[in-house]
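Engineer: Mind having a look at this structure? Questions to follow.
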Amino acid sequence: MRSLGLALTVLLFAGLTMAQEHVSFPAPDGYRLHGDLYGKGPQGIVLAHGGRFSKESWDKQAQFLSQHGFRVLAIDFRGYGQTIAGTETSDEKSYPDVLAAVRYLHSAGARSVSVVGASMGGDAAADAAIAARPGEIERIVFLGSDGGTSPERLQGRKLFIVSRNDQSSDGPRLPRISEHYGRAPEPKKLVVLEGSAHAQFIFDTDQGPRLIQELLRFLSEP
């Protein structure tokens with residue numbers, strides 16, 4: 000099954016070679032952030048990576064989404080990838096980076112902006128959604144993330160995606176994600192994938208094709 004899933008993923012992303020543009024923009028505290036920008040569509044998407052990754056880890060997914068009409072911005076959190084100055088930021092302090100990326104896309108002409116946050120990036124995206132002005136973040140995807148400490152305060156449409164047997168050092172993630180999903184206001188959706196891969200690692204499993212299609216469906220639906 001894993002080899003079949005990987006083959007389907009290769010076919011899904013075949014021929015995606017759109018060049019990205021490197022951009023930089025300031026966070027509210029003046030810190031200079033870096034990102035890779037794909038596409039020119041009116042609907043913007045910010046891709047916020049997990050703790051083991053950087054903006055480059057989203058390349059295939061960003062290519063795929065940009066080919067479907069989205070303007071996609073994959074960012075490096077401060078302390079990661081190209082944004083290496085300073086120290087690594089904690090989940091609690093990284094939400095301004097997400098919010099700065101959202102506002103960058105709005106200033107560049109995007110009519111709406113959504114966020115896909117993986118693991119650490121999902122927690123940061125949750126805090127950004129709470130801090131954002133109404134309408135700044137239209138939709139948010141929590142990939143392997145429980146949606147932060149105050150899910151009842153989340154704005155916009157919400158999609159929670161997790162592998163059924165995904166575990167952290169504290170135990171299975173699904174129970175906590177399900178509990179936070181229950182507390183989050185509508186509109187919302189929970190998708191449980193088979194397997195144990197965490198967040199962005201799911202893309203390299205047999206669940207990868209379903210994951211990218213779930214993302215595309217959620218981000219495209221009216």
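First residue of the sequence shown: 0, per numbering that gives the first Met the number 0; consecutive thereafter. Glycine residues also receive a C-beta, built at the ideal position from the N, C-alpha and C atoms.
Go ahead and pull the three-state DSSP assignment for Pro208.
Structural biologist: Indexing the sequence shown from 1 puts residue 208 at position 209. Note: Pro208 maps to helix in three-state DSSP.
Engineer: What does DSSP give as the partner residue(s) for Val22 in the beta ladder?
Structural biologist: Taking the first residue of the sequence shown as 1, we reach residue 22 at position 23. Its beta-bridge partners are Gly34.
Engineer: Just tell me which of Leu218, Ile201 and Arg172 has its CA closest to the CA of Lys188.
Structural biologist: Within the sequence shown, residue 188 is the residue found at index 189, counting from 1. Here the closest residue by C-alpha is Leu218.
Engineer: Which full runs of the alpha helix (DSSP H) of 4+ residues lie inside the region 74 to 131, going along the chain?
Structural biologist: Within the region 74 to 131, the complete alpha helix (DSSP H) runs of at least 4 residues are 94 to 106 and 119 to 130.
Engineer: Please classify Lys157 as buried or exposed, where buried requires at least 16 other C-beta atoms within 10 Å of its C-beta.
Structural biologist: Taking the sequence shown and counting its residues from 1, the one referred to as residue 157 is at position 158. Result: buried.
Engineer: Of the residues Val71, Ser195, Gln62 and Ala73, which one's Cα is nearest the Cα of Gly143?
Structural biologist: Looking up residue 143 in the sequence shown gives position 144. Among Val71, Ser195, Gln62 and Ala73, the Cα nearest to that of Gly143 is on Ser195.
Engineer: Assuming His179 and Gly155 form a contact by the criterion Cβ under 8 Å, report the distance between their Cβ atoms to the nearest whole angstrom.
Structural biologist: As a first step, residue 179 is located in the sequence shown; it is residue number 180 there, counting from the start. As a first step, residue 155 is located in the sequence shown; it is residue number 156 there, counting from the start. In fact, because the Cβ distance is near 15 Å, the residues do not count as touching under 8 Å.
Engineer: Let me check understanding here. Comparing Cα to Cα, which of Gly120, Val115 and Glu151 lies closest to Ile139?
Structural biologist: Taking the sequence shown and counting its residues from 1, one reaches residue 139 at position 140. For the residues Gly120, Val115 and Glu151, the minimum Cα distance to Ile139 belongs to Val115.
Engineer: On the three-state DSSP scale, how would you describe Arg51?
Structural biologist: Indexing the sequence shown from 1 puts residue 51 at position 52. Coil, per DSSP.
Engineer: How close, in whole Å, do the beta carbons of Val101 and Ala131 come, if the pair is a contact with beta carbons under 8 Å?
Structural biologist: The residue given as residue 101 occupies position 102 in the sequence shown. The residue given as residue 131 occupies position 132 in the sequence shown. Rounded, the Cβ-Cβ distance is 7 Å, consistent with contact.
Engineer: What is the DSSP secondary structure of Leu153, reduced to helix, strand or coil?
Structural biologist: Position 154 of the sequence shown holds residue 153. Looking at Leu153 - three-state DSSP - the assignment turns out to be coil, as it is neither helix nor strand.
Engineer: Assuming contact is defined by CB atoms lying nearer than 7 Å, are Pro222 and Pro95 in contact in what I supplied?
Structural biologist: For residue 222 there is no data in the structure shown, the boundaries of the chain being 0 and 221.
Engineer: Can you pull the DSSP bridge partners for Arg172?
Structural biologist: Sequence index remark: in the sequence shown, residue 172 carries index 173 (1-based). In the DSSP output, where bridge partners are listed per residue, Arg172 has none listed.
Engineer: Between Gly43 and Leu104, is the Cβ-Cβ spacing less than 7 Å?
Structural biologist: Here residue 43 corresponds to residue number 44 of the sequence shown, with the count starting at 1. Here residue 104 corresponds to residue number 105 of the sequence shown, with the count starting at 1. Yes. Within cutoff.
Engineer: So what does DSSP say about Ser223, is it helix, strand or coil?
Structural biologist: Since the first residue of the chain shown is 0 and the last is 221, residue 223 is not available in this structure.
Engineer: To the nearest angstrom, report how far apart Glu91 and Val22 are at their CA atoms.
Structural biologist: Walking along the sequence shown from the start, residue 91 turns up at place 92. Walking along the sequence shown from the start, residue 22 turns up at place 23. Caution applies to Glu91, whose pLDDT of 48 falls short of 50 and renders its modelled position unreliable; the value that the coordinates give is listed next. If I take the Cα positions, the gap works out to 24 Å.
Engineer: Compare the C-alpha of Phe76 against each of Ser111, Gly120 and Arg70 and name the closest.
Structural biologist: Residue mapping note: residue 76 aligns to position 77 of the sequence shown, counting from 1. Of the listed residues, the one whose Cα sits closest to Phe76 is Gly120.
Engineer: Using three-state DSSP, classify Lys187 as helix, strand or coil.
Structural biologist: Position 188 of the sequence shown, counting from 1, holds the residue named residue 187. DSSP places Lys187 in strand when its eight states are reduced to three.
Engineer: Using 10 angstroms around the beta-carbon of Thr204, count the other beta-carbons present and answer buried if the total reaches 16, otherwise exposed.
Structural biologist: Looking up residue 204 in the sequence shown gives position 205. Thr204 comes out buried.
Engineer: Could you give the residue range of the alpha helix (DSSP H) that holds Phe63?
Structural biologist: Here residue 63 refers to the residue found at position 64 when the sequence shown is read from its first residue. Phe63 -> alpha helix (DSSP H) spans Asp58 to Gln66.
Engineer: According to DSSP, simplified to helix, strand and coil, what is Ser195?
Structural biologist: Position 196 of the sequence shown, counting from 1, holds the residue named residue 195. DSSP places Ser195 in coil when its eight states are reduced to three.
Engineer: By alpha-carbon positions, which one of Arg152, Ala47 and Gly108 ends up nearest to Ala222?
Structural biologist: Here the chain comprises residues numbered 0 to 221, so residue 222 is not present and cannot be evaluated.
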